[in-house]
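Numbering (my numbering), first residue to last: 2 to 287.
Even glycine gets a Cβ: it sits at the ideal position worked out from N, Cα and C.
See below for the structure under consideration.
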Amino acid sequence: MNRFFHNYLICSVIFCLYNQISEVNALFGDNVREAKKREFSFVTLIKVRDAQDAAKYKYCSGALISKRHILTAAQCLPDEDQRVHNINVCIGSSSSSECKNYESRTWITYNRWANSKNFIHEFDINDIAIITLKKEVAESLSIKPAKISEQRKDEMYKWVVRLAGWGVMVPTHGPMVLKTSAVKVMTKDNCDLIDHNGSYYLGKVVLCTYAVPETSLNDADMGGPLFYEDKIVAVNVGQRNLQFPNSDDSTLIGVHVSTDYYRGFIQDVLQSPVKKVFMKDSHFDA
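Have a look at this one:
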């Protein structure tokens with residue numbers, strides 16, 4: 002069977018199973034539910050204060066991967082000329098009114114880490130980063146950091162996995178409740194049909210997911226984990242429309258960067274002393 006026609010048939014089947022949804026402000030869909038109070042206590046709410054207006058915040062999601070480190074998306078973090086103390090991380094509850102705030106000490110993106118190691122970037126865009134907190138998460142919170150899955154990316158196609166993020170329920174007041182949804186990993190061939198604006202080399206970096214009915218991701222869901230059996234396999238970085246061949250129809254697809262590709266970066270940051278890793282290439286409080 003012609004590969005293009007084969008992919009078209011697969012995508013058509015997926016589309017027929019989907020329901021249409023309206024534009025929303027949060028992780029949304031019939032498969033989406035609120036997380037239980039401490040169900041995913043390792044999923045964090047990241048709050049980035051606006052450099053020009055201290056009353057305004059940008060919200061993102063992340064995951065605690067050690068007592069001091071938060072895995073998230075690079076797009077969530079401020080520009081290089083902004084001070085690190087503008088970043089706070091709320092940890093330990095699915096409600097933003099009950100989680101505990103921690104100040105960041107520093108943060109580093111994959112690109113800055115690669116530059117510090119004199120590595121040549123295989124891709125210009127690498128949407129993954131790690132925040133280091135000023136102090137360890139308190140033992141009294143009884144939070145177990147999430148582990149990075151050892152599963153290879155190519156082994157996960159068609160798996161049912163789970164994502165989590167904070168979304169924005171009331172934009173003027175910020176995220177309130179952590180939400181979660183079960184989604185399915187698409188095959189590489191179908192993921193390759195999506196227009197990613199040339200941002201990623203799909204075969205090595207990106208996992209695509211879908212749900213029936215659709216799950217919609219918001220900006221504040223970015224940086225949140227995609228996980229299988231409570232082990233992180235990827236980071237939420239976007240949402241795309243899958244345009245079907247010879248049709249005006251499209252459907253929503255979640256886009257995630259695989260931790261498999263960035264395993265060396267994550268392990269090195271976790272294992273290295275903070276000063277050694279960040280002194281030259283990251284942000285410190287003055």
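Item: Any C-beta of chain B under 8 angstroms from that of MET187; Value: In the structure shown, chain B does not exist; there is a single protein chain.
Item: Counted within 10 angstroms of its Cβ, other Cβ atoms place VAL161 as buried (16 or more) or exposed; Value: exposed
Item: The region 233-241 touching the region 59-72, judged by at least three CB pairs closer than 8 angstroms; Value: yes
Item: Cβ-based burial, ASP125 [other Cβ within 10 Å; buried from 16]; Value: exposed
Item: Under 8 angstroms between C-beta atoms of THR260 and SER117; Value: no
Item: 6 angstroms Cβ shell around ASP269 - same chain, five flanking residues per side excluded; Value: none
Item: Outcome for SER94 when other beta-carbon atoms lying within 10 angstroms are tallied against a minimum of 16; Value: buried
Item: Nearest-angstrom Cβ-Cβ length linking VAL178 and THR210, presumed shorter than 8 angstroms; Value: Between THR210 and VAL178 the Cβ distance is about 21 angstroms, and since that is not below 8 angstroms, they are no contact.
Item: PHE266 (DSSP reduced to helix, strand or coil); Value: helix
Item: Which of helix, strand or coil DSSP assigns to GLU151; Value: coil
Item: Segment contact flag, the region 210-224 with the region 134-149, C-beta cutoff 8 angstroms, min 3 pairs; Value: no
Item: ILE88 and ILE132 closer than 8 angstroms at C-beta; Value: yes
Item: Option in TYR58, ARG153 and THR252 with minimal Cα separation from TYR263; Value: ARG153
Item: GLU24 burial status per 10 Å Cβ neighbour count (16 or more: buried); Value: Because GLU24 carries a pLDDT of 34, less than 50, the predicted location of this residue cannot be relied on, and the following value inherits that uncertainty. Under this definition GLU24 is an exposed residue.
Item: C-alpha distance - CYS100 paired with LYS205, whole-angstrom precision; Value: 35 angstroms
Item: Of the residues LYS37, ALA183, ARG241 and LYS180, the one placed nearest ASP328, counting alpha carbons only; Value: With the chain represented from 2 up to 287, any question about residue 328 goes unanswered, as that position is not in the structure.
Item: Own chain residues within Cβ distance below 8 angstroms of MET157, not counting five before or after; Value: VAL186, LEU208, TYR229 and VAL234
Item: Residues bridged to PRO226 (per DSSP); Value: VAL236
Item: Per-residue burial, THR216 [other beta carbons within 10 Å of its own, 16 or more giving buried]; Value: buried
Item: Where the alpha helix (DSSP H) containing ALA115 begins and where it ends; Value: 111-117
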